[in-house]
Amino acid sequence: MELRHIRYLLAVADHGNFTRAAESLHISQPTLSQQLKQLERAVGVVLLDRSGRTVRLTDAGAAYAQHARLALRDLDAAERAVHDVQDLSRGHLRVAMTPTFTAYLIGPLVHRFRAAYPGITLTVEETTQDRIEADLLADRLDLGVAFAGPHTAGIEPTVLFTETLSLVVGAGHPLAATPRSLPVRQLARQPLCLLSRDFATRLHIDGYFADRRVAPAIAVEANSISALLEFVRRGSLATVLPDAITREHADLRPVPLSPPLPTRTVELLRRGSAYHSAAARAFTEVAHTVASEHRTV
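Residue numbers (the working numbering): 1365 to 1661.
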C-alpha cells in the first residue's frame, strides 16, 4: 500500500464515479481501478460498492476513509512544517473571519502583516463561525477571527478585544442630534435596516430586542454591511453596527441606546493540536498588536 492508493480511494469516494475521479487525478480510469483493487487486496476487505450507478464506500470503506482523511490531513501539516521558513522570507497563511470584521479589522490587520512580512502570501476568506471552526479542524485554515462562546472541541481561542455595538444613523437623520441615550422602546417606531439572520451580529441584536420585549420596525434586511452603510447614509434608515465601523465613516453617527447593547468578545481561533507555522505565529502577534489599538480607541 502506498500513499497514492489512499488519495485514489478518497477521490472515488468524493466523486462517486471512477471516470470523474480519474479525471481529477489526471490518470486513466483503468489505472485507477487497478490501483484500488491493489489497495483492497492489501487491506483484505472490499472498500467500494461498485454495484450501483454511483460508486459508494462499503461500511469497511467508510471506516477506512475516515482514518485516511485524518492521516492525510496530518501528513499535509507535516509537509508544511518541513518547509516552514523560520525567517518568514516566504510561506503561505490561510485566514478566515466572520463578515463584520471585513468591514473594519481585516484592512489594518493585513496591511500591518504585509508591511512586516512581504514574503508571506495570504488567503483571506469571509464565512460563518461554524464553517471557520470546521475548516480549522479539517486543516483547511490556519487561523480564524470570530466571537467568544461555545466552541467545537479542539478549537483553541485567545481573546483579542471587546466589540461594542450601537444604533447608527446618517448625519442628516433626525436621531443624529439626539442629546441623550435613546430608550430602546422607541425603536418600535423607527425604521431599521439590519443584517440578515445568517449573521452572528443579527442574532446578537435579535437577542437584545427579545430580552427587552421590543419588536423593532425592520424595513430592510441585507446580507452586506456595505449595503447597510449605503442605506443609512441616505438619511431615512437606522441600523446597528460595531462602533469600530462607525468610526471609519465621518458621515455616520452612533446613537447610544438605553439600556445599551451588550458587548461581545472577539477571539483568534486555531486548532489546538495543529502545527503552528512561523507565519501563523507572526500573524497572531500582529493580530494582538492591532487588537490592543482597538482597545485604546
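Glycine included, C-beta positions come from ideal geometry on N, C-alpha and C.
All of these numbers come straight from a predicted model, not from anything done at the bench.
For the pair isoleucine 1519 and glutamate 1497, the CB atoms are nearer than the 7 Å cut-off. Glycine 1536 sits away from valine 1596, with the two beta carbons spaced by 7 Å or more. If you ignore the 5 residues before and after phenylalanine 1573, its C-beta comes within less than 6 Å of the C-beta of Pro1580, all in its own chain and listed in chain order.
DSSP, reduced to helix, strand and coil, places glycine 1416 outside both helices and strands of the structure shown, so it counts as coil. Runs of the alpha helix (DSSP H) spanning 4 or more residues and lying entirely within the segment 1455-1505 occur at 1470-1480 and 1493-1501, in chain order. For proline 1394, the uninterrupted alpha helix (DSSP H) run begins and ends at 1393-1407, by DSSP.
Valine 1532 places its beta carbon less than 7 Å from that of leucine 1605. Inclusion of aspartate 1499 and leucine 1505 in the CB contact set at 7 Å is warranted, their separation being smaller than that value. Segment contact: the segment 1632-1642 against the segment 1601-1618, fewer than three CB-CB distances shorter than 8 Å; contact not assigned. Closest by C-alpha distance to leucine 1501, out of Ser1656, Ser1637, Gln1402 and Phe1647, is Ser1637. The Cβ atoms of valine 1548 and leucine 1632 lie no closer than 7 Å to each other.
Two segments are said to touch when three or more pairs of C-beta atoms, one from each, lie closer than 8 Å; by this definition the segment 1460-1478 does not touch the segment 1400-1408. Taking a 10 Å sphere around the C-beta of arginine 1544, we find fewer than 16 other C-beta atoms and assign the residue as exposed. In this structure, phenylalanine 1647 sits near leucine 1457, with a CB-CB distance shorter than 7 Å.
Under the three-state reduction of DSSP output, phenylalanine 1563 falls in the coil class, being neither helix nor strand. For the pair leucine 1559 and leucine 1592, the Cα-to-Cα distance works out to about 8 Å. Contact annotation: tyrosine 1372 and leucine 1411 have beta-carbon atoms that are not nearer than 7 Å. Burial check for proline 1538: the Cβ neighbour count within 10 Å stays below 16, so the residue is exposed. Nearest to alanine 1651 by C-alpha distance, out of Phe1477, Ala1441, Pro1514 and Ser1530, is Phe1477. Separation of histidine 1658 and glutamate 1527 (C-alpha to C-alpha, rounded to the nearest whole angstrom) is 9 Å. Excluding residues up to 5 positions away in sequence, Cys1557, Phe1595 and Leu1601 lie with their Cβ nearer than 7 Å to the Cβ of valine 1584 in the same chain. Alanine 1540 and valine 1619 have their alpha carbons spaced roughly 7 Å apart.
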